[in-house]
Amino acid sequence: MEQLEALKRYFGYEEFRPLQKEIIEHVMNGQDALVLMPTGGGKSLCYQLPAVLKEGTTVVISPLISLMKDQVESLRSNGIVAYALNSSNDETEYFQILRDCRTRKTKILYLSPERLLGELDRLLKEIKISLFAVDEAHCISQWGHDFRPEYTRLYVIKEQFPDVPLLALTATADKITQQDIIQQLSLREPKIFLTSYDRPNLYLEVKRGYQKKDKDATVLHFIERHPNECGIIYCMSRKTTEQICSFLIRHGFNAAPYHAELSNQLRDKVQTDFINDRIQVVCATIAFGMGIDKSNVHWVIHYNLPKSIENYYQEIGRAGRDGMPCDTLLFYSVSDLIVLQKMANESGQAIMNMEKLARMRQYAEANICRRRILLSYFGETFDHDCQHCDVCKNPPQRFDGTILVQKALSAITRSEEQIGFRMLIDILRGSANKELYDKGYHQIKTYGAGRDISAKDWNDYLLQMLNMGFFEIAYNENNNLKVTEIGKRVLYGHEKAMLVVIQREESVKRTTRKSKTTTVQSLFKTEMPGREESDRLFEELRILRRQIAEEQSIPPYIVMNDKTLRLIANKRPMTLDEFAQIDGIGDYKKDKYGTRFLNVIKESTK
Ligand code: ADP
Ligand code: ZN
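Under our numbering, the letters of the sequence shown match residues 32 to 637, in that order.
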């Protein structure tokens with residue numbers, strides 16, 4: 032069967048993503064390869080399609096039981112016989128797997144590395160293996176960030192099955208890790224397939240200098256703009272996850288916290304509820320997300336600054352695996368920076384972690400295309416602006432801010448450099464705060480000199496001044512602010528200082544908040560006319576999908592992903608043939624669900 036035909040028949044897709052076709056051809060020719068593709072890039076298809084085309088069983092090594100389960104369910108939902116062998120199987124299952132492998136019915140068998148070693152002289156000797164795939168291959172390397180000792184024994188694959196092609200796949204591997212993978216797995220003349228790290232469907236946005244109240248209002252507004260869409264809010268601490276979560280619940284959202292201090296049972300429940308679309312928002316510490324493949328996470332908010340670009344990119348990468356346009360938002364504030372610097376300094380690897388944090392900070396502060404920064408961080412050249420980040424959308428405009436800078440620096444100097452960010456703002460704004468009075472700061476000349484500017488805007492301007500190096504934070508001295516040499520030049524009028532105009536779009540947006548019907552995700556707007564009608568149908572189709580998912584005890588996104596559901600709502604197929612032409616509908620799904628979906632469409636057109 033032709034590859035493109037098989038792609039449509041088994042997976043329902045019309046065309047290959049970048050490099051998939053080349054990789055599949057390479058593997059079909061019996062050759063080894065290393066594949067580097069970002070999360071959601073479509074790595075699995077590179078072994079799943081050969082698996083259905085080749086005679087025998089494809090054996091996939093995967094480190095996480097939850098990921099195996101997800102993959103197996105999704106293959107079965109396409110009518111492909113697949114199993115996972117790991118510590119969770121019971122005897123009956125094991126015998127069924129053995130039987131179906133021996134009779135060559137099984138196309139794909141997932142194994143944990145331990146299980147692979149255990150089955151080498153048993154099952155694996157009895158069946159015809161068409162291909163080996165090692166998923167998350169970076170786990171083999173101590174250089175990688177997720178080293179797993181079991182992986183280092185995978186050299187046995189080539190030793191025992193020298194003639195079976197081996198495909199290693201990963202989303203993160205620098206040069207050293209790549210070489211390590213090739214060497215340790217003894218890949219034969221491997222070809223390295225490297226696709227871009229870019230995730231063009233993710234919109235990148237940073238908001239700086241927000242205080243808690245503004246953050247919360249922005250979060251609320253953001254989620255209102257994404258009705259019924261699942262998302263994750265990453266927070267630095269357990270306390271914050273709980274606070275923001277109860278805040279959202281108070282506003283009628285279906286949210287749950289997730290952090291290390293919950294019991295395993297509760298954590299599993301939150302994860303399962305999220306996977307099955309029973310919870311819309313998870314407010315999590317970084318512990319959340321590893322090992323879930325949920326394709327319809329459609330936005331990610333970082334309530335606090337992450338500690339490295341790797342972390343940040345991995346976390347926003349959990350959005351939009353289905354290729355739908357997704358919004359991401361990062362809040363950046365000085366208080367986070369202070370906490371993170373302290374943590375980095377006290378970590379075992381202070382120099383490295385401080386450097387990583389510095390890069391993260393540069394990203395958050397940048398006034399150039401954010402995607403350019405990310406991709407260059409990962410060693411890619413990206414020679415144009417993306418037009419899909421906040422900087423590209425609202426290029427910064429500057430103004431002569433010398434007087435503002437002088438007011439701030441003068442207040443710092445006059446208080447003898449004994450104040451931090453918050454007190455500085457209070458002095459500038461002329462606030463009546465007890466500590467301020469006690470220390471006599473209400474008597475200095477600049478007290479109230481910046482009354483005309485809101486605290487929120489001062490926060491932003493001061494961050495800009497900090498970034499431009501006009502003052503620095505003495506972390507070892509109560510985080511007090513110290514004017515630098517460059518700062519002094521501006522303070523004494525030897526130099527001008529240009530600041531970036533603050534753009535606040537919330538005030539505009541907030542006025543539209545009341546009318547729910549108009550707050551659909553802006554990104555869809557251009558694509559489709561008659562949006563409201565297709566929205567209504569989309570909701571009805573979602574209900575049907577949910578029903579089917581419950582009948583079969585699988586997550587809704589495995590029945591059909593959001594993108595496919597959107598296409599059905601827009602195209603409104605009236606016949607099975609039209610239904611089958613939708614991207615994401617293969618033969619199996621057409622036969623299994625077609626009529627039920629058509630009925631819902633027909634009902635809604637009446
Ligand atoms: P990862 O690289 O993270 O392992 P997956 O293999 O899980 O990514 O693929 C991500 C999503 O993209 C899945 O929902 C998958 O079905 C979809 N996908 C893969 N290949 C294609 C394709 N050629 N056309 C459309 N969707 C695809
Ligand atoms: Zn950009």
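Virtual Cβ for every residue (Gly too), placed ideally from N, Cα, C.
Asked: Between Q215, S119 and Q34, which has its C-alpha nearest L65's C-alpha?; Found: Q215
Asked: Should Q638 be listed as close to ligand 1, given that the test is whether its C-beta is under 8 Å from any heavy atom?; Found: Residue coverage of the chain in this structure runs from 32 to 637, which leaves residue 638 outside it and unanswerable.
Asked: Examine chain D for any beta-carbon lying closer than 9 Å to the beta-carbon of M32, and answer yes or no.; Found: Any reference to chain D falls outside this structure, which holds one protein chain only.
Asked: Compare the C-alpha of R460 against each of N342, Q449 and W489 and name the closest.; Found: W489
Asked: How would you call M32, buried or exposed, if buried means at least 16 neighbouring beta carbons within 10 angstroms?; Found: exposed
Asked: Among the candidates K424, D421, I399 and N425, whose CA atom is the shortest distance from the CA of F413?; Found: I399
Asked: Under 9 Å between the Cβ atoms of T201 and A168?; Found: yes
Asked: Take the Cβ of L572 as the centre, count every other Cβ of all protein chains shown within 10 Å, and call the residue buried at 16 or more, exposed below.; Found: buried
Asked: Is V422 near ligand 2 - that is, is its Cβ less than 8 Å away from at least one heavy atom of it?; Found: yes
Asked: State yes or no: is the C-beta of P69 within less than 9 Å of the C-beta of S227?; Found: yes
Asked: Just verifying my parser: in three-state terms, what is the DSSP assignment at L251?; Found: helix
Asked: Apart from the five residues on each side of it in sequence, which residues of its chain come closer than 8 Å, Cβ to Cβ, to M605?; Found: L629, I632 and K633
Asked: If we call anything under 9 Å between Cβ atoms a contact, is C314 one with A291?; Found: no
Asked: Have a look at N120, G110, S161 and L151 and flag the residue whose alpha-carbon is nearest the alpha-carbon of R135.; Found: S161
Asked: May I ask you to list the residues that DSSP assigns as paired with N511?; Found: A505
Asked: By DSSP's criteria, L198 is part of a beta bridge. Which residues make up the other side?; Found: A64 and A164
Asked: Grouping DSSP H, G and I as helix and E and B as strand, with all else coil, what is D431?; Found: strand
Asked: Buried or exposed: which applies to I574, given that a residue is buried once 16 or more other Cβ atoms fall within 10 Å of its Cβ?; Found: exposed
Asked: By Cβ distance, which residues of its chain are closer than 8 Å to L406, with the 5 residues on each side in sequence left out?; Found: S227, Y228, D229, T412 and F413
Asked: Please report the straight-line C-alpha distance between P258 and R298, rounded to a whole angstrom.; Found: 25 Å
Asked: If you run the structure through DSSP and keep just helix, strand and coil, what is Y114?; Found: strand
Asked: Quick one: what's got a C-beta closer than 6 Å to R40's C-beta in the same chain, skipping five residues either side?; Found: G617 and D618
Asked: Can you tell me where the beta strand (DSSP E) with K238 in it begins and where it stops?; Found: V237 to R239
Asked: Hey, is Q534 close to ligand 2, as in C-beta under 8 Å from one of its heavy atoms?; Found: no
Asked: Quick one: any contact between the segment 138 to 150 and the segment 89 to 96, if contact means 3 or more CB pairs under 8 Å?; Found: yes
Asked: Comparing the CB of A202 with every heavy atom of ligand 1, is any distance shorter than 8 Å?; Found: yes
Asked: Based on the DSSP secondary-structure assignment, which residues constitute the bridge partners of D358?; Found: Y234 and W330
Asked: Please tell me whether, using a cut-off of 8 Å, the distance from the CB of R401 to the nearest non-hydrogen atom of ligand 2 is below it.; Found: yes
Asked: Give the secondary structure of K470 by DSSP, where H, G and I count as helix, E and B as strand, and everything else as coil.; Found: coil
Asked: Straight-line CA distance for Y44 to A486?; Found: 52 Å
Asked: Going straight from the alpha carbon of Y343 to that of D421, what length do you get?; Found: 16 Å
Asked: Sort I317, G451 and S378 by Cα distance to Y289 and report the nearest one.; Found: I317
Asked: Consult DSSP for K373 and reduce its assignment to one of helix, strand or coil.; Found: helix
Asked: Go to M499, then tell me how far its alpha helix (DSSP H) extends in each direction, as first and last residue.; Found: No alpha helix (DSSP H) holds M499; DSSP gives it neither H nor E.
Asked: Alpha carbon to alpha carbon, how far is Q209 from I55?; Found: 20 Å
Asked: Determine contact between the segment 443 to 461 and the segment 373 to 385, defined as no fewer than three beta-carbon pairs at a distance below 8 Å.; Found: no
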